[in-house]
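Each remark here refers to the structure printed beneath this line.
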Amino acid sequence: MQTLTIELTGTNSLKAIKDLEHKRLIRIVKDPDFNSYALPGEEISEEYFKKWVEYAEESPTVSLTEAKQRWAAQKKKLQKLIR
96 MQTLTIELTG
106 TNSLKAIKDL
116 EHKRLIRIVK
126 DPDFNSYALP
136 GEEISEEYFK
146 KWVEYAEESP
156 TVSLTEAKQR
166 WAAQKKKLQK
176 LIR
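Each residue of the sequence shown is one higher than the one before, counting from 96 in our numbering.
Shown next, in the form of structure tokens:
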């Protein structure tokens with residue numbers, strides 16, 4: 096599941112969004128909790144979450160150029176599997 100915040104600009108926008116909800120493609124959340132960092136699934140403690148963030152911050156990083164190169168190589172492998 097992904098959460099998305101949108102701004103409706105046209106007069107028919109809300110009708111189009113409600114049509115998607117009626118088709119059960121989306122769910123409109125009436126009162127979202129924007130202060131929550133939790134995603135659907137099992138709950139984790141705040142302490143565990145802080146440790147996870149600390150671990151992520153200490154993990155090695157790669158440059159954007161290297162990341163793009165890695166993705167290009169992986170993309171080729173995936174395309175070969177599809178064909």
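Beta carbons are placed, not taken as given, at the ideal position from N, Cα and C, and that holds for glycine.
Tell me, to the nearest whole angstrom, how far the beta carbon of leucine 109 is from that of leucine 103; I am working on the premise that it is less than 8 angstroms. 6 angstroms
Beta carbon of isoleucine 123, beta carbon of isoleucine 139: below 8 angstroms? no
Going straight from the alpha carbon of arginine 119 to that of lysine 172, what length do you get? 34 angstroms
Going by Cα to Cα distance, which pick from Ser154, Thr100, Val148 is closest to lysine 125? Thr100
From isoleucine 177 to threonine 98, what does the alpha carbon distance come to, in whole angstroms? 29 angstroms
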